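Everything below concerns the one structure shown next.
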Amino acid sequence: MLVFQSATIEVPEPSSGYREGIVGQPIAINPLLSGTNDADRDLAELIFSDILDLAESYKTSPDGQTWNILLKTDLRWSDGKPLTSDDVIFTIDTIQNSESRSPLFLTWQGVVINRISEREVEFTLRTPYAFFLDNLRDLKIIPRHIFGTIPPENFRLSNFNLEPVGSGPYTFDSFEKRKDGFITDYHLITNDYFSGAAPFIKNFDIKFYGTSAELLDAFNTKKIDGFGGLNPKNIGDLKLSHAILEKTIPRYYSIFINKNTKSGLSDKDVITAINYSINKKQIVDEVFDGKAMIINGPILPVIGGYDQATDPGNTVDLQKANEILDQKKWLRNETTGIREKKIGKQMESLSFSIIVPQIPFLTDTIGKIQEMLSVIGVKLNPVFLNPTDVINEVVKTRNYEMIIFGNVLRNNPDIFSFWHSSERFYPGLNLALYDNKKVDALLESIRTNSDETKRNEELFQLQKMIIQDQPAIFLYSPTYLYVGPKNLGGFEEKTIATPSDRFESVNLWYLETTRVFK
1 MLVFQSATIE VPEPSSGYRE GIVGQPIAIN PLLSGTNDAD RDLAELIFSD ILDLAESYKT
61 SPDGQTWNIL LKTDLRWSDG KPLTSDDVIF TIDTIQNSES RSPLFLTWQG VVINRISERE
121 VEFTLRTPYA FFLDNLRDLK IIPRHIFGTI PPENFRLSNF NLEPVGSGPY TFDSFEKRKD
181 GFITDYHLIT NDYFSGAAPF IKNFDIKFYG TSAELLDAFN TKKIDGFGGL NPKNIGDLKL
241 SHAILEKTIP RYYSIFINKN TKSGLSDKDV ITAINYSINK KQIVDEVFDG KAMIINGPIL
301 PVIGGYDQAT DPGNTVDLQK ANEILDQKKW LRNETTGIRE KKIGKQMESL SFSIIVPQIP
361 FLTDTIGKIQ EMLSVIGVKL NPVFLNPTDV INEVVKTRNY EMIIFGNVLR NNPDIFSFWH
421 SSERFYPGLN LALYDNKKVD ALLESIRTNS DETKRNEELF QLQKMIIQDQ PAIFLYSPTY
481 LYVGPKNLGG FEEKTIATPS DRFESVNLWY LETTRVFK
């Protein structure tokens with residue numbers, strides 16, 4: 001036996017199936033339409049390939065404005081039809097057509113695509129973009145022979161959004177739904193025409209649930225094998241043998257400050273005092289059981305361009321916070337305990353409303369920050385709203401004093417949309433309405449600078465300026481937790497851009513192994 005062990009190695013072996021649980025419902029399993037619907041994004045990751053997965057090679061011009069993609073030979077859609085450069089061009093044309101209402105519309109503005117041959121396309125950018133490769137990495141191609149005859153404005157009505165034809169590791173087989181229309185099961189099988197390594201798991205089933213509690217119960221009753229997005233507080237509720245796998249997602253949550261609303265919010269000393277009073281480690285430990293990373297600036301430590309020397313850390317000093325407010329004549333009201341100050345003819349207090357999406361970890365976070373700020377005489381008044389209402393009604397109007405919200409980055413330090421002054425109003429994502437012309441210039445240069453060393457120097461300056469200006473109170477970056485069986489192999493614990501990217505190497509997942517001779 002020992003001789004056999006030393007002469008062989010363990011390798012993955014094909015297995016019959018896997019069942020993934022997801023909260024939500026598929027609406028349009030189409031990578032051009034999926035937007036923020038996690039169920040659609042998850043299925044699109046399993047069914048469609050991005051252009052770099054389909055590429056044999058790519059090259060770029062010295063100035064970074066021209067990119068050529070050469071596709072692999074004999075690419076096929078899951079229905080056996082050829083996949084060519086015409087599909088790539090159709091995909092870009094569809095995104096750029098405003099009638100399709102694609103969430104990718106803004107990302108692909110100013111990009112011209114030309115057909116070089118059946119296998120090659122050329123992208124020409126209006127101006128160089130240092131992170132264009134990430135745009136390509138996110139670009140999933142859709143079939144022209146399926147959608148080419150459908151008017152873009154009718155894309156969302158097509159049956160192919162629930163029965164898609166793709167080029168990814170898996171392809172649609174069937175789905176089941178209740179009488180009320182709720183889709184309960186979605187069955188995928190391996191795509192015989194997948195251009196990558198064939199998946200070890202032959203059947204991949206998605207089971208849908210209405211709530212996180214139902215999802216957890218499904219795992220505990222062996223109805224599913226795994227699921228993502230586990231709340232750290234529910235780790236103790238897992239009853240079956242399991243593995244918890246961790247991935248880092250480049251996202252962070254902050255309290256964004258609208259300094260135009262109250263004098264206290266435009267006073268940097270007040271924000272400094274608030275920062276001294278917030279114990280981020282306590283929040284991370286109590287809200288996430290330690291499964292989150294403390295964040296003190298706009299660039300995450302897991303992303304290139306992060307400068308540790310610029311990171312101020314999280315110093316908790318209540319005495320210092322009180323001293324700052326006393327020195328600036330923000331004095332406690334003897335009746336309410338809330339600090340106040342006469343500004344002009346008006347008496348203003350350090351009492352601020354804050355918009356809070358009704359997401360458990362955010363409501364828990366604000367509850368703790370409320371207690372911390374009360375110690376220094378600052379009152380926080382939470383306004384809890386449905387997350388959809390926050391996006392559709394509050395973020396659009398910028399009608400808030402403070403808001404706790406998340407910035408989702410990619411695996412690069414392009415933070416233009418979050419901090420450039422041109423993004424202050426909807427649909428921009430500059431939630432702090434931050435306006436600093438020097439920062440604007442750095443953000444613009446970082447986008448076009450292909451010299452990584454020079455770009456990092458600019459990023460270091462950028463971080464320093466934003467941290468000094470204090471347009472937001474940076475809090476944390478939660479760890480993405482995936483629950484699966486202990487025998488699940490091939491699941492890489494690494495940084496991913498979005499939760500759906502947990503499936504980016506799903507063809508390498510395996511449940512069984514065998515031994516073969518070396």
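1 is the number of the first residue of the sequence shown in full-length UniProt numbering; add one for each residue after it. Cβ coordinates follow ideal geometry from the N, Cα and C atoms, glycine included. Quick caveat, the model's predicted, so the values are computed rather than measured.
Please tell me whether residue i and residue j are closer than 8 Å, where the distance is taken between their beta carbons.
i           : j      : result
Val121      : Val165 : no
Leu475      : Tyr253 : yes
Leu459      : Ile446 : yes
Ile47       : Thr190 : no
Asn275      : Leu433 : no
Ile257      : Ile244 : no
Trp77       : Ser167 : yes
residue 521 : Lys280 : Since the displayed the chain opens at 1 and closes at 518, residue 521 lies outside it and no answer follows.
Ile146      : Leu511 : no
Phe352      : Leu265 : yes
Ile141      : Leu70  : no
Phe219      : Leu238 : yes
Phe123      : Ile113 : yes
Thr310      : Lys464 : yes
Val408      : Val383 : no
Ile354      : Met293 : no
Lys207      : Gly21  : yes
Ile496      : Ile283 : no
residue 525 : Ser277 : Outside the modelled stretch of the chain, which goes from 1 to 518, sits residue 525, for which no answer is possible.
What did DSSP end up calling residue i once you bin it into helix, strand or coil?
i           : result
Ser422      : helix
Tyr18       : strand
Asp63       : coil
Thr8        : strand
Ile244      : strand
Val23       : strand
Ser158      : coil
Arg137      : helix
Ala432      : coil
Asp494      : One detail in the question is off: residue 494 reads as Lys in this sequence, not Asp. Reduced to three states, the DSSP call for Lys494 is coil.
residue 551 : One cannot answer for residue 551 here, as it falls past the ends of the chain, which runs 1 to 518.
Leu71       : strand
Ser195      : coil
Ala441      : helix
Ser349      : strand
Arg502      : helix
Asn392      : helix
Pro151      : coil
Phe105      : coil
Glu334      : coil
Leu33       : coil
Asn487      : coil
Ser117      : coil
Gly406      : strand
How would you write the range of the beta strand (DSSP E) that residue i sits in, first residue to last?
i      : result
Thr513 : 512–517
Val121 : 120–125
Asn203 : 201–209
Does the beta carbon of residue i sit closer than 8 Å to a beta carbon anywhere in chain D?
i      : result
Leu331 : The structure shown contains no chain D; it is built from a single protein chain.
Using the beta-carbon count (16 or more within 10 Å), is residue i buried or exposed?
i      : result
Val506 : buried
Lys126 : A small fix is needed here, since residue 126 is Arg in this sequence, not Lys. Arg126 is exposed by the Cβ-count criterion.
Pro26  : buried
Arg515 : exposed
Asp267 : buried
Tyr426 : exposed
Thr211 : exposed
Leu216 : buried
Lys291 : buried
Leu52  : exposed
Ser100 : buried
Tell me which residue opens and which closes the alpha helix (DSSP H) that residue i is part of.
i      : result
Asp40  : 38–47
Ser254 : Ser254 -> not in any alpha helix (DSSP H); beta strand (DSSP E) instead, spanning 251–257.
Val287 : 280–288
Ser477 : Taken as a continuous stretch (DSSP letters only), Ser477 belongs to no alpha helix (DSSP H), being part of the beta strand (DSSP E) at 472–484.
Tyr186 : Note, Tyr186: premise wrong, no alpha helix (DSSP H); beta strand (DSSP E) at 183–190.
Glu458 : 452–469
Asp269 : 268–277
Glu176 : Where Glu176 is concerned, there is no enclosing alpha helix (DSSP H), although the beta strand (DSSP E) it sits in stretches over 170–177.
Ile369 : 360–374
Ile146 : 144–147
Do the segment 480–490 and the segment 300–314 make contact, defined as three or more Cβ pairs closer than 8 Å?
Counting Cβ pairs under 8 Å, fewer than three are found: no touch.
Touch test, the segment 174–182 against the segment 485–501, Cβ-Cβ under 8 Å, three pairs minimum:
no
Decide if the segment 354–365 is in contact with the segment 317–330; the criterion is three or more beta carbon pairs, one per stretch, under 8 Å apart.
no
Are there three or more Cβ pairs, one per stretch, closer than 8 Å when the segment 89–104 is compared with the segment 146–157?
yes
With a cut-off of 8 Å, do at least 3 Cβ pairs link the segment 192–199 to the segment 22–37?
no
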